[in-house]
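Participant: Per the working numbering, the sequence shown starts with residue 1273, numbered consecutively.
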Amino acid sequence: MKKLKIGIALALVVVLSLLAGSWWWVTRAFPQTSGTLTLAGLEGPVEIRRDEWGVPHIYASSLHDLYFAQGVVHAQDRLWQMDFQRRVGLGRLSELLGEPTLKTDKFLRTIGTGAAAQRDWATLSSESKAYLQAYTDGVNAYMATNPTLPLEYQLLQVEWEPWEPAHTLAWGKMMQWDLNGNWDEEILRAQLVEQVGAERMALLMGDGTVSGSTTPISIGSPDLEALADILQMAGLGRSSGAGDRGSNAWVVAGSRTESGRPLLENDPHLGIGMPGIWYEIGLHAPGMDVIGASLPGVVAVVSGHNANIAWGMTNLATDTQDLFIERLDEAGTSYEWQGEMLPLTVRREVIQVKGEEDVVIEVKETRHGPLLNDVVKGLSEPIAFQWRATMTPTRLADAILGVNRASNRDEFIEALRLWDSPAQNLMYADMEGNIGYVATGDIPIRPAAGGLLPQPGWSGEWEWQGMVPFEEQLQSWNPSEGYLLTANEFPFPEDYPYYTGSAWAAPFRANRIRQMLEEDSSLTIDDVQAMQRDVTSLAAPALVPHLLNVVSDDIIVQRAQEQLASWNYVIDGRLPGAGIYEVTHGFVVREMLADELGEELLDEYI
């Protein structure tokens, strides 16, 4: 017994020693949050205070030092996340993770997000360049102090590389991808048209806002599930859509609040990850007093408020990507354009792969963009990809910095003129009592609904004809109802003259928000937070009565119907009716569509 006790004691000592050593190994990379840090490149002293929730508030005497310090705290707290994200945008994940991410890099190099980020940098205003450079210098100045690298670097045995301004913009490109992608839906529509016809396809996926061609054109059977797996390696989705996630925002005039001041709510539902995609921060300097949500690796605040205005956003979900079917010559070196054969542009990309030889790919491009056939398997025709965010430089960084500085409605609108991608719904409130909504971001002008399906690229018939002018984008200010809301639903009037897209969310969320806003004319912050937590379904009442009308002798079915009959349509895991509804809804959808679509196409659709 004595030997057993000694053995147990020794084992405990070993386990505790291992735990202590592991804890030390992990925590030695934790950031310094007290004392003084001396960094080269600052123009004056900067104070960083972290509040009780760990949120850093930066106090600087100049905007240069403010953004420099933002780079420091982002690097302190989210270094690995920043590094991973920039490598996604640049198509350089394989340098970290090896062959498993090679297909991901090939796809992103083909799309050209890294090169597009470099073009964006070249076209930014000198002021924005200075602030982005200050942010970059802050990241690199902190790393020059040789802090212990986070655990991920040690496990993967990789080193840190200096930050560059274009790395910030490359991650911005991936945010644009995540928020305004729909090209794969064009492929899915083409498959649905072949399978069930144009009319039924329109019922399943919507036909946009302007009638257009839905002539079936066979493009083969592209493997969208394999593509989804490729993009998942980078934490990306195939396209934005609006089916299984979405954002909400609403703004209420002072006439409908207890305080008499406007209230603005925003809960942008981006992809779930760990660490989270957002980073709360306060930025305080002469001419700048902003608090809100930033993105690690990106300068300024994306959604928040300053001393004069508040803003938030949801995804506008407009169609900014198109696919073109091209005609190539037999040699595969030229493509047809209005009766002429033009040479393909060939771009050579070298991908470094950890532990392997470099991989060289050749990306072929037409006037519409890169051909996807080498990275999307199963395409039977040459398919070119056109995207607003890569075809010409974008000035999103100029717009975000301008919004951060805006002190009134006019300055806010002026900043949004530069917001070209991604397309967003922007909500606004200010200290003067104004509330507003602005739809912003470039929308290609197309001949009819050219963006619904892949279209012939050789005729010139389906070319983009510029972008919808900012003056013709949607705006609403100080409505008589006393509130404005957006929940990814279709926002455009029926007579809007342009095709805008078809990936809108069902109106249930928007209608529920409207219900709650109409119920209370003296809203408080607590009321708004309760609205955020609301999980009442307005979709369930459309299905549940039909389920209750089912006649069955099965006791299990009868008990399920009893639970549904007493259910209040609140999606709460503690309520049996909620679980029965969610599971049954999924089965009903599959049973309705499986015989028409087949299992493979149904999986793509769902």
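All C-beta atoms in this analysis are idealised placements derived from N, C-alpha and C, irrespective of residue type, glycine included.
#1: Looking only at its chain, what residues have a beta carbon closer than 8 Å to the beta carbon of Tyr1551, apart from the 5 residues adjacent to it on each side?
#2: For a quick check, are the C-beta atoms of Trp1522 and Ile1685 less than 9 Å apart?
#3: Count the CB pairs spanning the segment 1373-1392 and the segment 1441-1449 that are closer than 8 Å, and state whether there are at least three.
#4: Restricting to Cα atoms, I'd like to know which of Val1465, Asn1783, Arg1667, Pro1654 is closest to Ser1606.
#5: Might you give, ordered along the chain, the residues of its own chain that have their beta carbon closer than 8 Å to the beta carbon of Ser1334, omitting 5 neighbours on each side?
#6: Could you give the first and the last residue of the continuous beta strand (DSSP E) run that contains Pro1328?
#7: If Thr1590 sits next to Ile1715, beta carbons under 8 Å apart, how far is it from one beta carbon to the other, in whole angstroms?
#8: Which residues in the same chain have their Cβ closer than 7 Å to the Cβ of Leu1555, if we skip the five residues on either side of it in sequence?
#9: Tell me, please, whether the CB atom of Leu1396 is closer than 9 Å to any CB atom in chain B?
#10: Closer than 7 Å by C-beta to Glu1436: which residues in its own chain qualify, once you throw out the five before and the five after it? Chain order, please.
#11: With DSSP run on the structure shown, which of helix, strand or coil describes His1238?
#12: In terms of residues, what are the limits of the alpha helix (DSSP H) holding Gly1444?
#13: Return the CA-CA distance between Asn1520 and His1640, expressed in angstroms with no decimal places.
#14: Where DSSP assigns a beta bridge to Leu1757, which residues make up the other side?
#15: Give me the Cβ distance between Leu1396 and Arg1660, rounded to the nearest whole Å; I'm assuming they're in contact under 8 Å.
#16: Using 8 Å for Cβ pairs, my map puts Val1344 next to Ala1413. What's the rounded Cβ distance?
#17: Please list, in chain order, all residues of the same chain as Leu1869 whose beta carbon is under 8 Å from its beta carbon, the five residues on each side excluded.
#18: Could you tell me the distance, in whole angstroms, from the CA atom of Gly1604 to the CA atom of Glu1612?
#19: What do you reckon, are the CB atoms on Ser1838 and Gly1849 nearer than 9 Å?
#20: Work out the CA separation of Val1647 and Gly1492 for me, nearest whole Å.
#21: Could you name the residues of the same chain whose beta carbon sits closer than 6 Å to that of Ile1843, not counting the 5 residues immediately before and after it, in chain order?
#22: Inspect the CB distances between the segment 1421-1439 and the segment 1675-1685 and report whether three or more fall short of 8 Å.
#23: Are the segment 1583-1598 and the segment 1754-1774 touching, with three or more C-beta to C-beta distances below 8 Å?
#24: If I follow the unbroken beta strand (DSSP E) through Arg1322, where does it start and stop?
#25: For the pair the segment 1613-1630 and the segment 1736-1748, tell me if three or more CB-CB distances fall below 8 Å.
#26: Suppose the cutoff is 8 Å on Cβ atoms and the five residues either side in sequence are ignored; what does the same chain contact list for Ser1512 look like?
#27: Can you give the beta carbon distance from Arg1226 to Val1635, rounded, assuming they're within the 8 Å contact cut?
#28: From the DSSP output, read off the bridge partner residues of Lys1636.
#29: Exposed or buried, Pro1763, counting other C-beta atoms within 10 Å across all chains shown (16 or more means buried)?
#30: What does the alpha-carbon distance come out to for the pair Leu1309 and Thr1440?
#31: Look at the alpha carbon of Gly1584 and the alpha carbon of Glu1637, and state the distance between them as a whole number of angstroms.
#32: According to DSSP, simplified to helix, strand and coil, what is Tyr1771?
#33: Report the CB separation of Leu1724 from Arg1461 in whole angstroms; it is logged as a contact under 8 Å.
#34: Consult DSSP for Asp1355 and reduce its assignment to one of helix, strand or coil.
#35: When the Cα atoms are used, what is the spatial distance from Gly1880 to Leu1757?
#36: Here's a check: name, in chain order, each residue in its chain whose Cβ is nearer than 8 Å to the Cβ of Asp1539, leaving out the five neighbours to either side.
Facilitator: The relevant details are as follows:
#1: His1346, Asp1349, Arg1350, Ala1565, Ser1566, Leu1567, Pro1568
#2: no
#3: yes
#4: Pro1654
#5: Glu1315, Gly1316, Ala1557, Pro1558
#6: 1328-1331
#7: 5 Å
#8: Ile1330, Leu1338, Gln1342, Val1562, Val1573
#9: In the displayed structure, chain B is absent; only one protein chain is listed.
#10: Thr1408
#11: Beyond the ends of the chain as shown, which are 1273 and 1878, falls residue 1238; an answer cannot be given.
#12: 1437-1452
#13: 34 Å
#14: Trp1522
#15: The Cβ separation is near 17 Å, so there is no contact.
#16: 7 Å
#17: Leu1464, Gln1467, Val1468, Tyr1877
#18: 15 Å
#19: yes
#20: For Gly1492, the pLDDT reaches just 49, beneath the cut-off of 50, and the residue's location in the model is therefore unreliable, although a value from the coordinates is still provided. Rounded to the nearest angstrom, the two C-alpha atoms are 14 Å apart.
#21: Val1807, Ser1809, Ala1850
#22: no
#23: yes
#24: 1319-1322
#25: no
#26: With a pLDDT of 47 at Ser1512, under the threshold of 50, the modelled position of that residue is not reliable, and the figure given next carries that caveat. Contacts found: Asp1450, Leu1451, Asn1452, Gly1453, Asn1454, Asn1587, Ala1589, Ala1775.
#27: Residue 1226 lies beyond the residue range present for the chain, which begins at 1273 and ends at 1878; the question has no answer from this structure.
#28: Val1618
#29: buried
#30: 24 Å
#31: 37 Å
#32: coil
#33: 6 Å
#34: helix
#35: Nothing in the structure corresponds to residue 1880, since the chain is present only between 1273 and 1878.
#36: Ser1519, Asn1520, Ala1521, Gln1804
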